[in-house]
Amino acid sequence: MGGLNLEVFKFGMYVMFPIGIMYYFGTNLDNRFSVHDFWPKPEECNKLPRDREEVKAEYERIVARQRFRQAQLQEEQRQRALLQGNQSNGNDS
């Protein structure tokens, strides 16, 4: 193949190859190549508080969670201190 025939063949390939791919795979590409339940549902997403009461409730929730974590941390530190105290008393005997 040479000359004009090669150019016609290349042009045909450039035009027909994408058309052939689109014809082969069809039009429902979203259904065929999508991952089921990839995006979270709206009820599973975080929602921004819009009015004053929602902001206040969210603030109270955050403060309560922080206080709970601080109480847990203090309890762990207290238990660690008691454990270290018991270990040091046991080593002195």
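Take 164 as the starting number for the sequence shown in my numbering and just add one per residue.
Where a beta carbon is used, it is the ideal one built from N, C-alpha and C, also for glycine.
Please read all numbers here as calculations on a predicted model, not as lab measurements.
Closest Cα partner of residue i within the set the options
i	options	result
Phe196	Pro203, Trp202 and Phe188	Phe188
Alpha-carbon spacing of residue i relative to residue j, whole angstroms
i	j	result
Tyr177	Leu192	22 Å
Gln229	Asn194	44 Å
Val171	Met179	12 Å
Arg224	Gln235	17 Å
Asn116	Ala244	This structure cannot settle anything about residue 116, because the visible part of the chain is limited to 164 through 256.
Phe174	Lys204	46 Å
Val218	Lys210	11 Å
Beta-carbon proximity of residue i to residue j, cut-off 8 Å
i	j	result
Glu206	Pro212	no
Opening and closing residue of the alpha helix (DSSP H) in which residue i lies
i	result
Leu211	First-last for Leu211: undefined, no H or E at that position.
Asn191	From DSSP, Asn191 is part of no alpha helix (DSSP H); its letter is neither H nor E.
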